[in-house]
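As structure tokens, the structure follows; a few thoughts come after it.
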Amino acid sequence: MSPSQESRGGATKETIDRLIVGANELATPIGPHPRSGGAMGLLRVIERGALAIHGERIVAVGPERELRERYAPREEFDARGGTLVPGFVDAHTHPVFATTREHEFELRTRGAAYVEIAAAGGGILSTVQGVRAASRETLLERLLVHLERFLALGTTTVECKTGYGLSLEDELKCLEVIAEARRRQPLELVPTFLGAHDFPAEYRERKREYVELVCRAMLPRVAERGLAEYCDVFTEQIAFSLDESRRILERARELGLGLRLHVDQLTPLGGAELAAELGAASADHLEHVSERGIAALREAHVVPVLCPVVPLFLRQEREAPGRKLIDAGLAVAISTDFNPGSCNLQSLPETMSWAALRYRMNAAECLTAATLNAAASLGRSAEIGSLDVGKRADVCVLDVPNHRHLVYELGRSPVRAVFVRGRLAYAR
Ligand code: NIG
Ligand code: FE
């Protein structure tokens, strides 16, 4: 539906569905492409900026005064002196699980390491037991609770990985739960198949067979049924080797899936180089990425998706070289990595604060990383990730006076309202 014309007091105004007015500031990265290096810090900032929405699209962005002259909105939303930014895009989460691991968190505060806990039967495999035992209904119910929280925290697009099923049946069950959740709530979900998250207990001594199960049984079914857009692998000393990862990811690529990888998180295995070699959409974590790995990612235009809260949550000192990756000219994205083991956090605003403090990123770079660049890593930067005319109207109304407060204030959600596809989806 295109906006209609209406004459009011002599001047002709276009009738549109909605104007978001009353903001102190509108701040957004710009354009349909990821922003790299120095361009990550270049935002469009409009004082007293407003947004015109028709249907599910943004039809104009500009000073409120100008938009009021041009448009006759059916509805106005008052931002009450707050800030308008794009809906946040979380490009890396593991939200399909049934049981939690608070005891592991406590063990780490007493000095236990993530890999020790995993080797002793905790870790990913303990969540796998919970998922296998859970019904579809239970998993769906939990996922919907997680999604409601994402929305209240300003996230409008969530990449959702499986990876706690690790059998054909249980991986399909998790993907079907994601597909059902897509129909039940407003957030856009991007499903990722992570059947190679770990070797399940029954294949510990038969690793080659598990890799073949993923390649010959799981991936073809997932692709044939269109249940996932991406395939991910945990490439790590305690998980899948470079060769095992390559075999799985090449198969996934043949079947038409995009690729994302967990790489160089706990050890410097050279996973970034593999992500570049395979032309992956993203290379995630990167705490131990090498100089060669950084150069390879840049050459291949792979988006590094960093997870700044994970080392904190795992009490690990080593962090991804966030500043260095930006200065090397990459288009960095940041994500929560929400999962029950290594990061029980759903807030991208909080994640941005940590990125600022740990990686020395400024507020503009953090905002670009959690919106446009994250969208680009999901192949969606022409559609979402910025407040540009023609893009989908996924918008966050923050109750802070400017975008710098997004990283400056910790511990309280700054999100007052969220629009998804032009409709008010959350308000407090
Ligand atoms: O991204 N690194 C692998 N996977 C998750 C952790 C999953 C878990 O511990 O349950 C991560 O950190
Ligand atoms: Fe992860």
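Counting along the sequence shown from 1, when you hit position 282 you're at 600 in the working numbering, and nothing is skipped either side. Cβ atoms here follow ideal geometry from the backbone N, Cα and C, with glycine treated the same way.
With 16 or more other CB atoms across the displayed protein chains lying within 10 angstroms of its CB, residue 472 is buried.
Leaving aside the five residues that flank residue 677 on each side, the residues in its chain whose CB is nearer than 6 Å to its CB run, in chain order, 640, 641. In this structure, the CA atom of residue 667 is about 7 Å from the CA atom of residue 725. Proximity of the region 548-556 to the region 568-581 meets the contact definition, three or more beta-carbon pairs being nearer than 8 Å. In terms of Cβ geometry, residue 596 and residue 577 form a close pair [threshold 7 Å].
Going by C-alpha positions, residue 654 is about 6 Å away from residue 625. Under the 10 Å beta carbon count, residue 322 is surrounded by fewer than 16 other beta carbons and is classified as exposed. For the alpha helix (DSSP H) assignment, the uninterrupted runs of no fewer than 4 residues enclosed by the region 416-448 are, from N- to C-terminal side, 420-427, 432-437. Below 8 Å, too few C-beta pairs join the region 357-369 and the region 419-430 to call them touching: fewer than three. Considered as a whole, the region 561-609 harbours 576-581, 600-603 as its complete beta strand (DSSP E) runs of no fewer than 3 residues, in chain order. Of the candidates 742, 406, 592, 612, the residue whose Cα lies closest to the Cα of residue 694 is 406. Judged by beta-carbon spacing, residue 369 lies within the 7 Å limit of residue 338, meaning their Cβ atoms are closer than that value.
If you check the C-beta of residue 712 against the ligand FE, you find no heavy atom less than 6 Å away. Set against 6 Å, the gap from the CB of residue 511 to the closest heavy atom of the ligand NIG is not smaller.
Bridge partners of residue 657 according to DSSP: 661. In the three-state reduction of the DSSP assignment, residue 395 falls in the strand class, which pools E and B. In this structure residue 714 is in contact with residue 733, their Cβ atoms being roughly 6 Å apart against a cut-off of 8 Å. When Cβ pairs closer than 8 Å are counted between the two stretches, the region 342-356 is seen to touch the region 706-713, the count reaching three or more. Distances between the C-beta of residue 435 and the heavy atoms of the ligand NIG are all 6 Å or more.
Residue 456 is not a Cβ neighbour of residue 415, given a cutoff of 7 Å. The continuous stretches of beta strand (DSSP E) do not include residue 411, and DSSP gives it neither H nor E. Distances taken from the Cβ of residue 655 to the heavy atoms of the ligand FE include one shorter than 6 Å. Per DSSP, the unbroken alpha helix (DSSP H) holding residue 642 starts and ends at 640-645. Rounded to the nearest whole angstrom, the CA to CA distance from residue 468 to residue 525 is 36 Å. Judged by DSSP in its simplified three-state form, residue 372 adopts strand. Listed in chain order, the non-local C-beta contacts of residue 607 below 6 Å within the same chain comprise 582, 590, local neighbours out to five positions each way being set aside. The secondary-structure analysis by DSSP pairs residue 336 across a beta bridge with 371, 393.
Note that the C-beta distance between residue 518 and residue 567 is not below 7 Å. For the pair of segments examined, the region 643-654 was found to touch the region 614-621: the number of CB pairs separated by less than 8 Å reaches three.
At least 7 Å separates the beta-carbon of residue 344 from that of residue 385. Assignment of beta-bridge partners to residue 508 by DSSP yields 477. DSSP places residue 550 within a strand segment (E or B) once states are collapsed to three. Closest by C-alpha distance to residue 366, out of 394, 357, 701, 382, is 382.
Residue 482 sits in coil when the DSSP states are folded into three classes, being neither helix nor strand. With a contact defined as Cβ atoms closer than 8 Å, residue 449 and residue 492 qualify at about 7 Å. Residue range 454-470 is occupied by the alpha helix (DSSP H) that includes residue 468.
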